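Quick note, the working numbering runs 552 ahead of the 1-based positions in the sequence shown.
Think of the CB as a built atom: it goes at the ideal place given N, C-alpha and C, for glycine as much as any other residue.
All values reported here derive from a predicted model rather than from experimental measurement.
Contents: one structure, followed by commentary.
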Amino acid sequence: MLSVKHVDAFYGASQALKKVHLDAEIGQVSCLMGRNGVGKTTLLRTIVGHLKPTQGKLRWNDEEINALGPAERARKGIAFVPQGREIFPTLTVLENLRTGFSVLPRELRHIPDEIFDLFPVLKEMLGRRGGDLSGGQQQQLAIARALVMRPSLLVLDEPTEGIQPSVIKDIQRVITLLRDRGDMAIVLVEQYFDFAHALADRMYVMDRGEIVLSGKRGELNVEEVRRLLTV
C-alpha cells in the first residue's frame, strides 16, 4: 500500500502541494483528477522521487521512502509512465522495452510474454524506432516499458492525452486487467472523466495544490466532481 500523508512540496518559493493525502492499495485504482495546473503531476513526481517533499510522509509497504531517489524507488517496485510518454525516439521498440531491465536482477532481464498479450501491436513492431510509432502506439510502449520492471505500484500521468478513441479503449482494458489481477496498486492522473470514473476504486480531486474531495467512487457526488473539474 502507498500512503501519502500531509505532504507539502515547493518549486522554489512557490508552494505546489499543501497537506496532500492519498492512499493506493494493491488491487485498486486510485484516480487523481483536477484542472490543469493544480498540482497533479507534482504529486506524482513526489511519489516517484523526482521531487522531495518539505513536510509530510510517503510510505510504501510500511517503509518510509521520503529519502529514496527515483532509482531506489523503482527497485522497490514503483514504476512511472510520465505525461508525454517520454520514450526514446531513436531506439527501437525492443530497445525501449529493454530499458526497463535497469532496475531488475539479471535473472529477470527478459520481456514477459504478458507484455505482448496486453499490447499485441508491439510484437509486430519490435524493430521499428519509437519515434516512428503513432501517439497511441507510443503510449502503449510507455506502459509496456513500465510493466517490464514488474512493478507493484504503477503510476500513470494522463495516459489518454492525445490518444485516439480505439487506443483509449485498449488502455482502459489493460488497466482493468492489471487491477483485477490483484498484485498491483495503480495511481492514475486523468482529465477524461468518463475514463477515470469507469476505472477508479477511489477518487481524489485537487484544487490549488490541495485535495478538496476524496472517497470511494460510489460515495462521491458525480456532479460535484464534474463541477470541480470545470474551468
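Span separating the alpha-carbon of Ile723 from that of Ala698: About 14 Å.
What residue ranges within the segment 615–673 form continuous alpha helix (DSSP H) runs of no fewer than 4 residues, ordered along the chain? Within the segment 615–673, complete alpha helix (DSSP H) segments of at least 4 residues are found at 622–627, 645–650, 665–670, given in chain order.
Backbone secondary structure at Arg681 - three-state DSSP: strand
For Ala698, which beta-bridge partners are listed by DSSP? According to DSSP, which records beta bridges pairwise, Ala698 is partnered with nothing at all.
Could you say if the segment 597–615 and the segment 649–658 meet the contact criterion of at least three C-beta pairs nearer than 8 Å? no
Leaving out five residues before and five after Ser704 in sequence, what residues of the same chain have Cβ atoms less than 6 Å from its Cβ? Gly629, Met736
Measure how close the beta-carbons of Asp560 and Leu569 come, nearest whole angstrom, since I'm counting them as under 8 Å. For a cut-off of 8 Å, the C-beta gap from Asp560 to Leu569 is around 6 Å, short enough to register as a contact.
Inter-stretch contact (C-beta, 8 Å, three-pair minimum) for the segment 738–748 and the segment 578–590: Because the criterion of three Cβ pairs below 8 Å is met, the segment 738–748 and the segment 578–590 touch.
Would DSSP call Asp796 helix, strand or coil? This structure leaves residue 796 out entirely; the chain is present only between 553 and 783.
What residue does the beta strand (DSSP E) around Ser555 start on, and which one ends it? 554–563
In the DSSP output, what is Lys768 paired with across the bridge? Arg754
For Asp575: DSSP bridge partner residues: Ser555
State the DSSP-derived secondary structure class of Val590, mapped to helix, strand or coil. If DSSP states are grouped into helix, strand and coil, Val590 belongs with coil.
Run of the alpha helix (DSSP H) containing Ile723, from where it starts to where it stops: 717–733
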